[in-house]
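Beneath this line is the structure, given in structure tokens, with notes to follow.
2 protein chains.
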Amino acid sequence: MSSTELDEMIKALSHPVRRDILNWLKQPELYFSDQEHPLSFGVCAGLIDQKTGLSQSTVSAHLATLQRAGFISRKKVGQWNFFARNEEIIKQFLSRLNEQL
Amino acid sequence: MSSTELDEMIKALSHPVRRDILNWLKQPELYFSDQEHPLSFGVCAGLIDQKTGLSQSTVSAHLATLQRAGFISRKKVGQWNFFARNEEIIKQFLSRLNEQL
DNA sequence: ATTATATATTGCTATATCGCGATTTAACGA
DNA sequence: TCGTTAAATCGCGATATAGCAATATATAAT
Chain U
2 MSSTELDEMI
12 KALSHPVRRD
22 ILNWLKQPEL
32 YFSDQEHPLS
42 FGVCAGLIDQ
52 KTGLSQSTVS
62 AHLATLQRAG
72 FISRKKVGQW
82 NFFARNEEII
92 KQFLSRLNEQ
102 L
Chain G
2 MSSTELDEMI
12 KALSHPVRRD
22 ILNWLKQPEL
32 YFSDQEHPLS
42 FGVCAGLIDQ
52 KTGLSQSTVS
62 AHLATLQRAG
72 FISRKKVGQW
82 NFFARNEEII
92 KQFLSRLNEQ
102 L
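Chains as they are written, first to last, in our numbering: chain U, 2 to 102; chain G, 2 to 102.
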């Protein structure tokens, strides 16, 4: 992970809503039990929109930021987009931070 | 550490120069060997100014940000201000992030 | 084809952050 | 007291970020 990538990751975490989203995605069955599609796909954007209480476009931008940073992945199924944590990247990020900080 | 404090800490880290400063302070004898005062006091602001290449006022603001976040402490001796890492807080921050992320 | 749904993208305003030079404050020395 | 040095604070312009409504795009259903 380059220094530029690390920077992008930390910046992605520097907004409480984005950290909330990452946390919700940690236990989808707890926070998104009402999803009609299997949670194994991930959580679809609309439900995340609802949970934040922010507008659809704002949340879409937050999700894009998290994805660019590598923290989440997107899986498109039909007209829905499902998001899930990228645990491997998150682990790498944490160990990098533990060394470097 | 409250959620507001955590937020302030992550924001403090979300600027590369502030992360650089934290890193330099990890090994003062390596990066600030030319300091005339004992490094046990910490590193004085002027030397950090030089090392960043940014203006005095800009670096002063960065140092204030790091201090508000709790990452560094300030020790005033005569007309100089010496800064040092607050290892305990940094450790707490990392373990909090490891849990929460 | 048309309509409906899900979500990304665009255009905009408001606010926050960064960086600088200038000024102020504080401590020291002559 | 006066000048010097160190560093914080102020005022400013430039850029980045966040939020929204409106629009565009893509898929699905009728």
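Where is the CB? At the ideal position from N, CA and C, for every residue including glycine.
Cβ-based neighbour list, residue i, same chain, cut-off 6 Å, excluding 5 preceding and 5 following
| i | result |
| --- | --- |
| U/A70 | E9, M10, A13 |
| U/W25 | Y32 |
| U/P29 | L40, V44 |
| U/F94 | M10 |
| U/H16 | none |
| U/S74 | A85, N87 |
| G/L102 | none |
Same chain, Cβ closer than 7 Å to residue i, five either side skipped, listed in chain order
| i | result |
| --- | --- |
| G/L7 | R97 |
| G/R103 | Chain G is shown from 2 up to 102; residue 103 of chain G falls before or after that span and cannot be answered. |
| U/D50 | Q57, V60 |
| U/I91 | F72 |
| G/T5 | none |
Residues that residue i contacts on chain G, provided the C-beta gap is smaller than 7 Å
| i | result |
| --- | --- |
| U/L26 | Simply none; closest approach about 11 Å. |
Residue environment, residue i, which counts as buried when at least 16 other CB atoms sit within 10 Å
| i | result |
| --- | --- |
| U/V78 | exposed |
Where residue i meets chain U, residues with beta-carbon distance less than 7 Å
| i | result |
| --- | --- |
| G/L23 | L102 |
Contacting residues, own chain, Cβ-Cβ under 8 Å from residue i (five flanking each side not counted)
| i | result |
| --- | --- |
| G/E37 | none |
| U/K27 | R86 |
| U/G54 | none |
The ligand SAM heavy atom lying under 7 Å from the CB of residue i
| i | result |
| --- | --- |
| G/G43 | Of ligands this structure carries none, so the ligand SAM is not represented either. |
Cβ pair count under 8 Å reaching 3, the region 82-89 of chain U against the region 28-45 of chain U: Because the criterion of three Cβ pairs below 8 Å is met, the region 82-89 of chain U and the region 28-45 of chain U touch.
Proximal residues, the region 6-19 of chain G versus chain U, C-beta separation under 7 Å: Cβ contacts with chain U: D8, I11, K12, L14, S15, P17.
Interface residues of the region 87-101 of chain U facing chain G [CB-CB below 9 Å]: Listed in chain order, the positions of the region 87-101 of chain U with a beta carbon within less than 9 Å of a beta carbon of chain G are I91, F94, L95, L98, N99, Q101.
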